[in-house]
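I have placed the structure first, in the form of structure tokens, so that the comments after it can refer back to it.
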Amino acid sequence: MGKSGKKRKPVVVVSTPASAFPDFSKFNAPGDDEGGNRRRRDNFNSYNKNDEKKGVEMVFADAIREVHKLGSTQFTGKQKRNYEAEEYKLLTGREKKKHKVPVKIVRGIKHAAVKREKKLAQSNKDAGIITAVRKDKVIKNYSEKNRWAKRVHGPAPDIGFMTKGKFRVKR
Numbered sequence: 001m002g003k004s005g006k007k008r009k010p011v012v013v014v015s016t017p018a019s020a021f022p023d024f025s026k027f028n029a030p031g032d033d034e035g036g037n038r039r040r041r042d043n044f045n046s047y048n049k050n051d052e053k054k055g056v057e058m059v060f061a062d063a064i065r066e067v068h069k070l071g072s073t074q075f076t077g078k079q080k081r082n083y084e085a086e087e088y089k090l091l092t093g094r095e096k097k098k099h100k101v102p103v104k105i106v107r108g109i110k111h112a113a114v115k116r117e118k119k120l121a122q123s124n125k126d127a128g129i130i131t132a133v134r135k136d137k138v139i140k141n142y143s144e145k146n147r148w149a150k151r152v153h154g155p156a157p158d159i160g161f162m163t164k165g166k167f168r169v170k171r
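Here the sequence shown is numbered in the UniProt record's numbering, starting from 1 and rising by one per residue.
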């Protein structure tokens, strides 16, 4: 007969990958100055005769940077954009220009917001909810500010005309 006794069941180990690669730029390395900028170590000047005996010696900060760069290939969305902006700043020394939203899209967004507000106000009114009434801005026709604004750009074009560099006023 065969072996008597109970066989052990193999233990199932479930491993899950990390959600995102750790951001090593947040940690202060010994080669960092107070601003978080790295001081480059010149490998030519840091040559040591003992290195021949030990073999190739890696700089830990460079290894971390390489591992972080490799892990950054898995970044997506906002994390990827932030990483690219950080790389751009390291290379150029200035911030990356932010993308501006086209005027047509901004108008559409504002138009949709006005629609939502009207719909919300109507639903509140139908439900019997009392809310504060918004007052539209009242523009005063004869205010100091408006008179100043009219004077800034000169007289209105229908007041007169220019001849030989002089302004002639109609009577």
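All C-beta atoms in this analysis are idealised placements derived from N, C-alpha and C, irrespective of residue type, glycine included.
For the set 137, 105, 133, the Cα lying nearest the Cα of residue 117 is the one of 133. Boundaries of the alpha helix (DSSP H) harbouring residue 60: 60-71, taken from the DSSP string.
Remark: C-beta atoms of residue 88 and residue 75 do not approach each other more closely than 7 Å. Rounded to the nearest whole angstrom, the C-alpha separation of residue 148 and residue 98 is 36 Å. Contact annotation, residue 140 with residue 146: C-beta distance approximately 7 Å; criterion of less than 8 Å satisfied.
Note on geometry: alpha-carbon atoms of residue 60 and residue 11 lie some 36 Å from one another.
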